[in-house]
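Visitor: Dropping a structure here in structure tokens format, bear with me for questions.
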Amino acid sequence: MDKPLIASLSIQITPGTGVVQLVPAGDFRANDGRPFECAAWCLTDENAQKIVSALAACAKPMVIDWEHQSLYAAQSAQPAPAPAAGWFKTLEWRPGQGLYATDVKWTARAAASIDAEEYRYISPIFAYDKSGNVTKLLNAALTNNPALDDLDEVQLAAASRLAGDKTPPQSPPIPADKSQELPMSALMAALRLVTRLPEAATEAEAVVSLTKLAETVGATKENPVDLTEHLAGQQTQIAALTNATPDPAKFVPIQVMHDMQAKIAALTSGQQQSEVDGLVTAALASNNLLPSQEAWARELGKANIELLKQHLANSTPMAALGKMQTNSKPPAGGGAADPNALSAEAIAACTQLGLSQEDFAKSKVGGQ
Numbered sequence: 002m003d004k005p006l007i008a009s010l011s012i013q014i015t016p017g018t019g020v021v022q023l024v025p026a027g028d029f030r031a032n033d034g035r036p037f038e039c040a041a042w043c044l045t046d047e048n049a050q051k052i053v054s055a056l057a058a059c060a061k062p063m064v065i066d067w068e069h070q071s072l073y074a075a076q077s078a079q080p081a082p083a084p085a086a087g088w089f090k091t092l093e094w095r096p097g098q099g100l101y102a103t104d105v106k107w108t109a110r111a112a113a114s115i116d117a118e119e120y121r122y123i124s125p126i127f128a129y130d131k132s133g134n135v136t137k138l139l140n141a142a143l144t145n146n147p148a149l150d151d152l153d154e155v156q157l158a159a160a161s162r163l164a165g166d167k168t169p170p171q172s173p174p175i176p177a178d179k180s181q182e183l184p185m186s187a188l189m190a191a192l193r194l195v196t197r198l199p200e201a202a203t204e205a206e207a208v209v210s211l212t213k214l215a216e217t218v219g220a221t222k223e224n225p226v227d228l229t230e231h232l233a234g235q236q237t238q239i240a241a242l243t244n245a246t247p248d249p250a251k252f253v254p255i256q257v258m259h260d261m262q263a264k265i266a267a268l269t270s271g272q273q274q275s276e277v278d279g280l281v282t283a284a285l286a287s288n289n290l291l292p293s294q295e296a297w298a299r300e301l302g303k304a305n306i307e308l309l310k311q312h313l314a315n316s317t318p319m320a321a322l323g324k325m326q327t328n329s330k331p332p333a334g335g336g337a338a339d340p341n342a343l344s345a346e347a348i349a350a351c352t353q354l355g356l357s358q359e360d361f362a363k364s365k366v367g368g369q
């Protein structure tokens, strides 16, 4: 069972009457911003009637003391004076207005203090649950604090005993700006979990971060977005896409694609090599290429077949390589071959250099 929470309230007294409002009807909050652990205190018709019946069933009237002195007396090891300021036995619930004590009898001293405006407020103490619903009226006192009389530890302990709880409830720390700082600090702490704002972030920075988040999910004033539902929907879509079978008419397995690429590359390479072989063989046959150039031509074709084609197109056939100097006949006179006769390679070189065979032969003889 949850422990009851304790709160005190200050309401102005109307002098010269035995009717005093103790608790407002419906939702209400204190001037200092309380309660902090729930949205508001609330006195409903049902709970009010229970409180009225509970006091009616009690044999003794409820005391109105001075500054809650009876709570101090309840916690004191030695009996302490706790003089009454007044008494009441009858409560009345007025829907839409609140809970009233209608038969208050003030002591002479209290009546004189009220008439002299030495005391202007009555402060009831009540118990409430974690949702803020007022469940029990515990005490009332004359006070001069209009902003909800904060109870100290001794008073809280006594009020807890009256509420049937031997352990005083732990009150949350109350900041200087009671109406704003504590609720906002709790809100900022929650926002930091989803926005990664630093500890020192201001409210303005939080607003900027949340505005960006709203833009990201497409939330507007006219079309607000439940972020939890939005994320759940995205997770569902991702799961569906992950588990879906790809359309075979549009997609192929990655391994099939790699195998296809390898086969195409092999076919292309083989086709190019065949073309290079044909070009080199033809160039050798037409004397557009020297035998000593064959290896070079093949490497060039392998690297850049278009460049090889360009080279062969611009080269001039070397006619001298196609026949022997003696037209395959032995030298005249049947003697030995002329040692100064030019080889086929030398004749080809003369052709490319623009030299006559005689000049080349003379230079060769002169160099020996």
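This note's numbering puts the first residue of the sequence shown at 2, with every later residue one more than the last.
For each residue, glycine too, the CB sits at the ideal point set by N, CA and C.
The model shown is predicted, which means the values in this text are computed figures rather than measured ones.
Whole alpha helix (DSSP H) runs in the stretch 38–84 with 4 or more residues, listed along the chain?
Guide: Correct list: 46–58, 70–76.
Visitor: With DSSP collapsed to three states, give me the class of Ala250.
Guide: Ala250: coil per DSSP, three-state reduction.
Visitor: Mapping the DSSP letters down to three states, classify Gly87 as helix, strand or coil.
Guide: Residue state, collapsed to three classes: strand.
Visitor: Hey, how far is the Cα of Ala187 from the Cα of Ala109?
Guide: So the alpha carbons of these two residues sit roughly 48 Å apart.
Visitor: Taking Glu119 as the reference, give the member of Leu92, Pro254, Asn315, Ile14 with the closest Cα.
Guide: Selected option, being the one with the closest Cα: Ile14.
Visitor: For Leu23 and Ala102, which I take to be in contact (beta-carbon distance under 8 Å), what is that distance rounded to the nearest angstrom?
Guide: Right, the Cβ-Cβ distance comes to about 6 Å (below 8 Å), so this counts as a contact.
Visitor: Since Ala141 sits in a beta bridge, which residues does DSSP pair it with?
Guide: Paired residues: Ile65, Pro125.
Visitor: Would you decide whether Leu232 is buried or exposed? Buried here means 16 or more other CB atoms lie within 10 Å of its CB.
Guide: Its Cβ having fewer than 16 others within 10 Å, Leu232 is exposed.
Visitor: Let me know if Phe252 comes out buried or exposed under the rule of 16 or more other beta-carbons within 10 Å of its beta-carbon.
Guide: The residue in question, Phe252, is exposed, as its Cβ has fewer than 16 Cβ neighbours within 10 Å.
Visitor: I'd like to confirm the pairing. Which residues does DSSP put opposite Phe29 in its beta bridges?
Guide: Partner(s): Trp42.
Visitor: Would you call the stretch 81–100 and the stretch 26–39 touching, i.e. three or more CB-CB distances under 8 Å?
Guide: Short answer: they touch.
Visitor: Work out the CA separation of Pro225 and Met189 for me, nearest whole Å.
Guide: One C-alpha to the other measures close to 21 Å.
Visitor: Which value, in whole angstroms, describes the spacing of the CA atoms of Val20 and Phe89?
Guide: Their Cα atoms are separated by approximately 10 Å.
Visitor: Tell me the DSSP secondary structure of Gly165 in three-state form.
Guide: Residue placement at Gly165 is flagged as unreliable, the pLDDT there being 45, under the threshold of 50; the coordinate-derived value follows with that caveat. Correct three-state label for Gly165: coil.
Visitor: Using C-beta distances below 7 Å, list every residue in its chain close to Val64, excluding the 5 sequence neighbours before and after it, in chain order.
Guide: Hits under 7 Å: Ser71, Ala85, Trp88.
Visitor: Do Lys131 and Glu38 have their C-beta atoms within less than 8 Å of each other?
Guide: The answer is yes: Cβ separation under 8 Å.
Visitor: Taking the beta carbon of Ala298 as the centre, do at least 16 other beta carbons fall within 10 Å, making it buried, or is it exposed?
Guide: Ala298 should be labelled buried.
Visitor: Taking the straight line between their C-alpha atoms, what separation do you get for Thr203 and Leu211?
Guide: Using only the alpha carbons, I get a separation of about 12 Å.
Visitor: Counting C-beta neighbours from all protein chains within 10 Å, is the total for His259 16 or more, i.e. buried, or is it exposed?
Guide: With fewer than 16 other Cβ atoms within 10 Å, it is exposed.
Visitor: Using 8 Å as the threshold, is the C-beta distance between Ile123 and Ile12 below it?
Guide: Taking 8 Å as the Cβ cut-off, Ile123 and Ile12 qualify as a contacting pair.
Visitor: Does DSSP put Ile14 in a helix, a strand or coil?
Guide: Ile14: coil per DSSP, three-state reduction.
Visitor: Leaving out five residues on either side along the sequence, give the residues of the same chain with a beta carbon under 7 Å from the beta carbon of Ile52.
Guide: Here the set comprises Leu92, Leu100, Lys137, Leu138.
Visitor: Assign Gly279 to buried or exposed, taking buried as 16 or more other Cβ atoms, counted over all protein chains shown, within 10 Å of its Cβ.
Guide: Gly279 is exposed by the Cβ-count criterion.
Visitor: Does DSSP put Asn244 in a helix, a strand or coil?
Guide: Looking at Asn244 - three-state DSSP - the assignment turns out to be helix.
Visitor: In angstroms with no decimal places, state the Cα-to-Cα distance between Asn32 and Trp42.
Guide: Going by the C-alpha atoms only, they are around 13 Å apart.
Visitor: In the DSSP assignment, what residue or residues form a beta bridge with Tyr120?
Guide: Partner(s): none; Tyr120 has no beta bridge.
Visitor: Once DSSP output is grouped into helix, strand and coil, what is the label at Lys106?
Guide: In the structure shown, Lys106 sits in a strand (DSSP, three-state: E or B).
Visitor: With a threshold of 8 Å on Cβ separation, who are the neighbours of Lys106 within its own chain once the five nearest residues in sequence on each side are excluded?
Guide: Here the set comprises Gly19, Gly87, Trp88, Phe89.
Visitor: Does the distance between the C-beta of Glu47 and the nearest non-hydrogen atom of the ligand SAM fall short of 7 Å?
Guide: Of the ligands one can find in the structure shown there are none, so the ligand SAM has no counterpart to examine.
Visitor: Would you give the residue range spanned by the beta strand (DSSP E) that Glu93 belongs to?
Guide: First-last of the beta strand (DSSP E) with Glu93: 92–95.
Visitor: To the nearest whole angstrom, what separates the beta carbons of His69 and Ala142, a pair I think is in contact under 8 Å?
Guide: At roughly 4 Å, the Cβ-Cβ gap stays under 8 Å, so His69 and Ala142 are in contact.
Visitor: Taking the straight line between their C-alpha atoms, what separation do you get for Cys59 and Ala40?
Guide: One C-alpha to the other measures close to 32 Å.
Visitor: Which of helix, strand or coil does DSSP assign to Gly234?
Guide: The answer is helix: DSSP assigns Gly234 an H, G or I state.
Visitor: Can you give me the C-alpha to C-alpha distance between Ala148 and Ala83, rounded to a whole angstrom?
Guide: Annotation note: pLDDT 39 at Ala148 (below 50); position unreliable, coordinate value reported separately. Ala148 and Ala83: Cα-Cα distance of roughly 23 Å.
Visitor: Which same chain residues, not among the five before or five after Asn315, have their C-beta less than 7 Å away from its C-beta?
Guide: No residues qualify anywhere along the chain.
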